[in-house]
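Novice: Take this structure, written in structure tokens, and hold onto it; I'll ask about it next.
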Amino acid sequence: MSQEQADLLPLPDEVDSQRRLLISAVLAGGFALAVQPVTAATIHTDSDGLVAGWHKAGPDLLLYAARPAHGSQWPVVLVVQEIFGVHEHIQDVCRRLAKQGYLAVAPELFLRQGDARGYPDTATLIANVVSKVPDAQVLADLDACLEYARVLGGDSTRAAITGFCWGGRITWLYAAHNPRIKAGAAWYGRLLGQETALTPRHPVAVAPQLKVPVLGLYGGKDSGIPLDSVATMKTALQQGSSGSEFVVYPDAGHAFNADYRPSYHAPSAEDGWRRMLQWFRRHGV
């Protein structure tokens, strides 16, 4: 039995067979079909000195967590997935953070809508799963994860959040939603967008009220997030007092930290990771 299987809490009897199949698919591991094949640059962080695996934190809340094998009351980092779910790359990010002394928790935020790893292309994935996920559901699940972190031995009074792409946008929103967290790091998350019933606000709308300092890590060659949207966000942040900052990497495009994809830009990713850790520690996490 794998460590992941060993750490998974038993599923309650009321979980229906369809949900069991979905959870089993999530636990199968690997990378999302939509990003196959993975590149040779893919980083693998081992679990030596760690406890890492899956947990069931509620009827519809499955999460991957990694922490040091010894000690307790670790500071907590919520890790928010890309559109591809908590696949191997996000799990690896959790293990990297655990090696730095954190309890890293990554919830499967699309579990009610479907298995993000099972779709062969991004357009189909977005249409069938991602577009159906309400922001309110996501924020509530992250609240629940922060509470569950205490069950795992974490100190939820010293908590931060980081997220990538889709999760970068959520990082900004959660920092506004929960002012008790100490810091955030948003990796190339969308800042502007159309307001809908499921996505009623975007980062630029919450920026003036933001109290939590967020470090924005963005690519100068990101065609999906143009620099004028970053400039708009900076202006909105000036209306508040969060102390948030941006770092824009001129040679990086979108998803420059995704080491399993051709978009990976190692110099920018490594510098961003270093700055994120410094940012968390600077703000008491």
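With full-length UniProt numbering, letter number 152 in the sequence shown gets 152, and the count goes up by one each step, no holes.
Where a beta carbon is used, it is the ideal one built from N, C-alpha and C, also for glycine.
(1) How would you call L198, buried or exposed, if buried means at least 16 neighbouring beta carbons within 10 angstroms?
(2) Tell me, to the nearest whole angstrom, how far the beta carbon of L63 is from that of Y119; I am working on the premise that it is less than 8 Å.
(3) Please say whether L152 and R95 have beta carbons closer to each other than 8 Å?
(4) My output table needs one value for I83: the three-state DSSP class, helix, strand or coil.
(5) How about L109 and A65: do their beta carbons lie closer than 8 Å?
(6) Helix, strand or coil for G71, going by three-state DSSP, please let me know.
(7) With the cut-off set at 8 Å, would you say L217 and L173 are in Cβ contact?
(8) Please tell me whether V93 and Y260 are closer than 8 Å, where the distance is taken between their beta carbons.
(9) I need the straight-line Cα distance from F31 to R117, nearest angstrom please.
(10) Would you please state the rounded distance, in angstroms, between the beta carbons of V80 and I161? I believe it to be under 8 Å.
(11) Going by beta carbon distance, what residues of the same chain come within less than 7 Å of D222, once the five residues before and after it are set aside?
(12) By alpha-carbon positions, which one of S72, Q100 and L125 ends up nearest to S47?
(13) Buried or exposed, going by whether 16 or more other CB atoms sit within 10 Å of the CB of V285?
Specialist: In brief:
(1) Classification for L198: exposed.
(2) Between L63 and Y119 the beta-carbon gap is near 21 Å, outside 8 Å, which marks them as no contact.
(3) 8 Å or more divides the Cβ of R95 from the Cβ of L152.
(4) In the three-state reduction of the DSSP assignment, I83 falls in the coil class.
(5) Their beta carbons are not under 8 Å apart, which means L109 does not touch A65 by this criterion.
(6) For G71, the three-state secondary structure derived from DSSP is coil.
(7) Cβ distance not < 8 Å, so L217 and L173 don't count as in contact.
(8) In this structure, V93 sits away from Y260, with a CB-CB distance that is not shorter than 8 Å.
(9) Those two C-alpha atoms are separated by around 7 Å.
(10) Taking 8 Å as the upper bound for CB-CB distance, V80 and I161 are in contact here, some 7 Å apart.
(11) So the qualifying residues of the chain are Y188, G253 and H254.
(12) Taking only the C-alpha atoms, the option nearest S47 is Q100.
(13) In summary, V285 is buried, with 16 or more beta-carbon neighbours lying within 10 Å of its beta-carbon over all protein chains present.
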